[in-house]
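Chemist: Quick note: the sequence shown, position 410, residue 431 per the numbering used here, numbers continuous.
Glycine is no exception: its CB is placed at the ideal position from the N, C-alpha and C atoms.
Owing to the predicted nature of the structure, the values given are computational and were not obtained by experimental measurement.
Before I ask anything, let me first share the structure, which is written out below as structure tokens.
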Amino acid sequence: MSPDSPVPAVVSANATATTTATTTAKASLSAGLATPSALASTSAPPWRPLGAKPATDVSHAVEQAIQDVRQKIYMRSVTGMFARWRLLFVGFTQLIFYAVPWLTCNGRQAVLFDLGARKFYIFGMVLWPQDVIYLTLLLLISALGLFLFTAIAGRLFCGYACPQTVYTEIFMWIERRTEGDRVARIRLDEAPWSFRKLRVKVSKHALWLVVAGLTGFTFIGYFAPIRELGQALLSFTFGPWQWFWFLFYSFATWGNAGFLREQVCKYMCPYARFQSVMVDPDTLVVTYDTARGEPRGARSRKVDHYAQGLGDCVDCSICVQVCPTGIDIRQGLQYMCIGCGACVDACNQVMEKIAYPQGLIRYTSERGMLEKLSVQQVRKHLLRPRVLIYSALMLVLVSIFVTALATRTTLRVDVIRDRGMLGRAVADGMIENVYRLQMMNASEHSLVLSIGAEGLPGLSVKFADPSVAVLRLKPEENNRNISITDLPQVEIAAASNRVLAVVLRAPRDAAKPGSHPIHFVTTSSAPDGHVSLTVREASSFIMPQ
Ligand code: SF4
Ligand code: SF4
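If you want it as structure tokens, here you go:
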């Protein structure tokens, strides 16, 4: 079979089967079974491997999978609206990925996930392990976003923004530039080894490795300062873990985008497996209009193909040749389809050339196809309860996330009582309690903290180790009315925490014996003395018998 020859005859048989299935589903709809729930349960899209036998035939499925893995796909290049969208997403996602680690904010790398120090720096924010709630919210929003977009338009993420798709696009672009388009690549692979073939292959792999290396380097640049990494890479002084992740990520990019390609989508990606529960008959998916296209076949332009009993599909197989996962969309919706729209672009070009209306393959819903709905009607069906619920939940979660971030305090104080010593009598008729204060500065500036306490008359505060105190603020500069006579101050460096032993004293006659509620009042001040934040933390003061 020549590289560009039409698809084998089995296609026709399968297409007939699809037509029959479609007709059956259509009959069900017209027979009054077209309630949304009935439709969802009775005519769910046949998400199954191309040509696969029932699941019980395991050996056949395995054989099919092995055959698929061995068969290299030579994707034909395609132009058109959806190809342009893909290009736009490739550019956009890669611009963000490669540029962000080089941005700076407050003199520090703007986005840095410092796993060693257990701190995430994100555009002036410092997140600690205690801030895991933000990550949880972000993951929930992402998951809901995936549900929402899948309910609306199937595997939109896979086709346009998934890293596997994006890097495969980049690698295939390099492949086309070095080896030529589909036919040239097939001929090159079939040709015996020669100097030219070696040169072309080496050039392609060298360029692939440059992209893979750049990707690996950028990836670890999110976890270690990228400028220092750059110098370390140039001088070959990476640490062992840096080498490991650099090589691992580079190799993974090279292998996945250069060799595995569609196999990742078909056999490794879990999303492909569970998406079938997220789509319904109103989801927009790439669909071949069987009623219009069949029976397919070659025809002369001069004769009326309808008179010959032919449909609009000329059986050119170009839609199969441009498919990155190598499937024939005319056999019905399959779980390997990543919704990239390449076959839509390709078929539209064919239709344009032979002066047929476009849209033989198009983004539409199963209901739209069966009930022959207009584009407006299909769009109207997109706003269904599932989509509205996902959208409302997303809105709520995003609002919570934004509010939580906006009102997030940059100073945290935890008070731990010294359990080894409750209250003890000291000189001058005073009672002393000891505490440990853990203070966390989650801002990008150093803070001077004034430590006070309130809750008992005559309560005073001092550090167990007076040498830790700094004296940048005078007590009267604090605008709080707390019952202390002086406020010890301590400096906490930017994005750091400090644990200090603090001693509270109160006159013996300030309260009866027993436990008394008190509050530590910690005031954060910038080095210029500007009071910015006050944190009250509850504790207790023990007055002994
Ligand atoms: S590109 Fe269009 S006309 Fe050609 S085989 Fe595919 S569906 Fe038929
Ligand atoms: S069938 Fe069409 S939309 Fe689906 S993966 Fe292949 S080219 Fe992309």
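Could you tell me if the beta carbon of residue 587 falls within a distance shorter than 7 Å of some heavy atom in ligand 1?
Modeler: The structure shown does not extend to residue 587, since the chain spans only 22 to 566, so no value can be given for it.
Chemist: Am I right that residue 191 and residue 111 are in contact with their C-beta atoms under 8 Å? What's the rounded C-beta distance?
Modeler: With 8 Å as the limit, residue 191 and residue 111 qualify as a contact, their Cβ atoms being about 7 Å apart.
Chemist: Does DSSP classify residue 328 as helix, strand or coil?
Modeler: Coil, per DSSP.
Chemist: Determine whether the beta carbon atoms of residue 471 and residue 515 lie at a separation below 8 Å.
Modeler: Going by C-beta atoms, residue 471 is not nearer than 8 Å to residue 515.
Chemist: What three-state label does DSSP hand residue 528 in the structure shown?
Modeler: DSSP places residue 528 in strand when its eight states are reduced to three.
Chemist: Could you check the C-alpha separation between residue 205 and residue 400 for me, to the nearest Å?
Modeler: Taking the straight line joining both Cα atoms gives about 41 Å.
Chemist: Could you tell me if the beta carbon of residue 101 falls within a distance shorter than 7 Å of some heavy atom in ligand 2?
Modeler: Checking the Cβ of residue 101 against ligand 2 gives no.
Chemist: Could you spell out the range, first to last residue, of the beta strand (DSSP E) harbouring residue 289?
Modeler: Neither: residue 289 is in no beta strand (DSSP E) and is coded neither H nor E.
Chemist: Taking residue 196 as the reference, give the member of 311, 117, 226 with the closest Cα.
Modeler: For the residues 311, 117, 226, the minimum Cα distance to residue 196 belongs to 226.
Chemist: What are the complete alpha helix (DSSP H) segments, minimum 4 residues, inside the region 136-179?
Modeler: Those alpha helix (DSSP H) runs which fall completely within the region 136-179 and span 4+ residues are 153-174.
Chemist: How long is the line joining the alpha carbons of residue 109 and residue 181, rounded to whole angstroms?
Modeler: Using only the alpha carbons, I get a separation of about 9 Å.
Chemist: I'd like to know if the region 477-484 and the region 410-425 are in contact, where contact means that at least 3 CB-CB pairs between them fall below 8 Å.
Modeler: No, they do not touch.
Chemist: CA-CA distance, residue 259 and residue 442?
Modeler: Cα to Cα, the separation comes out at about 49 Å.
Chemist: Note the first and the last residue of the continuous alpha helix (DSSP H) segment covering residue 185.
Modeler: Its alpha helix (DSSP H) spans residues 184-200.
Chemist: Curious, which full-length alpha helix (DSSP H) runs of at least 4 residues does the region 112-139 contain?
Modeler: Complete alpha helix (DSSP H) runs here, min 4: none at all.
Chemist: With three or more C-beta pairs closer than 8 Å as the rule, is the region 218-233 touching the region 270-286?
Modeler: Counting Cβ pairs under 8 Å, three or more are found: they touch.
Chemist: Pick helix, strand or coil for residue 318, following the three-state DSSP scheme.
Modeler: Of the three classes helix, strand and coil, the one that applies to residue 318 here is coil, per DSSP.
Chemist: With a cut-off of 8 Å on the beta carbons, I'd call residue 333 and residue 377 a contact; round off their distance for me.
Modeler: Going by Cβ atoms, the distance from residue 333 to residue 377 rounds to 5 Å, so yes, they are a contact pair.
Chemist: At what residues does the beta strand (DSSP E) containing residue 454 begin and finish?
Modeler: Unbroken beta strand (DSSP E) run through residue 454: 451-462.
Chemist: Mind checking whether residue 415 and residue 175 have CB atoms under 8 Å apart?
Modeler: Cβ atoms of residue 415 and residue 175: not closer than 8 Å.
Chemist: Beta carbon of residue 539, beta carbon of residue 560: below 8 Å?
Modeler: Contact: yes.
Chemist: With distances taken from CA atoms, which of 450, 485, 484, 431 is nearest residue 468?
Modeler: The option with the nearest alpha carbon to residue 468 is 431.
Chemist: My guess is that residue 326 and residue 317 are in contact by the Cβ rule of under 8 Å, so how many angstroms apart are they, rounded?
Modeler: Incorrect: roughly 10 Å between the Cβ atoms, too far for contact.
Chemist: So what does DSSP say about residue 305, is it helix, strand or coil?
Modeler: Correct three-state label for residue 305: coil.
Chemist: Could you tell me if the beta carbon of residue 120 falls within a distance shorter than 7 Å of some heavy atom in ligand 1?
Modeler: Answer for residue 120: no, Cβ out of range of ligand 1.
Chemist: Kindly list the residues whose CB is nearer than 7 Å to the CB of residue 371, restricted to its own chain and excluding five residues on each side of it in sequence; keep chain order.
Modeler: Same-chain partners within the cutoff: 335, 337, 339.
Chemist: Where in the region 362-406 do unbroken runs of the alpha helix (DSSP H), each at least 4 residues long, occur, reported from the N-terminal end onward?
Modeler: As far as the region 362-406 is concerned, its whole alpha helix (DSSP H) runs of at least 4 residues are 363-374, 387-391, 396-403.
Chemist: So, for residue 557: in the same chain, excluding its five sequence neighbours on each side, which residues have a beta-carbon less than 6 Å away from its beta-carbon?
Modeler: So the qualifying residues of the chain are 540, 542.
Chemist: Considering only C-alpha positions, which residue in the set 331, 96, 509, 345 is nearest to residue 20?
Modeler: Coverage of the chain is limited to positions 22 through 566, which leaves residue 20 absent and any answer about it impossible.
Chemist: For the beta strand (DSSP E) holding residue 483, just list the boundary residues, first then last.
Modeler: 481-484 is the extent of the beta strand (DSSP E) around residue 483.
Chemist: Suppose the cutoff is 8 Å on Cβ atoms and the five residues either side in sequence are ignored; what does the same chain contact list for residue 346 look like?
Modeler: Closer than 8 Å at the Cβ level, and outside the excluded window around residue 346, lie 94, 283, 286, 287, 357, 358, 359.
Chemist: In the DSSP assignment, find the unbroken beta strand (DSSP E) run with residue 471 in it and report its ends.
Modeler: That run of the beta strand (DSSP E) goes 468-475.
Chemist: Could you check whether residue 303 and residue 572 sit closer than 8 Å to each other, using their CB atoms as the reference points?
Modeler: The question about residue 572 has no answer, for the chain in this structure spans 22 to 566.
Chemist: Shortest alpha-carbon distance to residue 224 belongs to which of 200, 352, 143?
Modeler: Minimum Cα distance to residue 224 is reached at 200.
Chemist: Whose C-beta lies closer than 6 Å to the C-beta of residue 567 among residues of the same chain, with five residues either side of it excluded?
Modeler: This structure cannot speak to residue 567, because the chain is shown only from 22 to 566.
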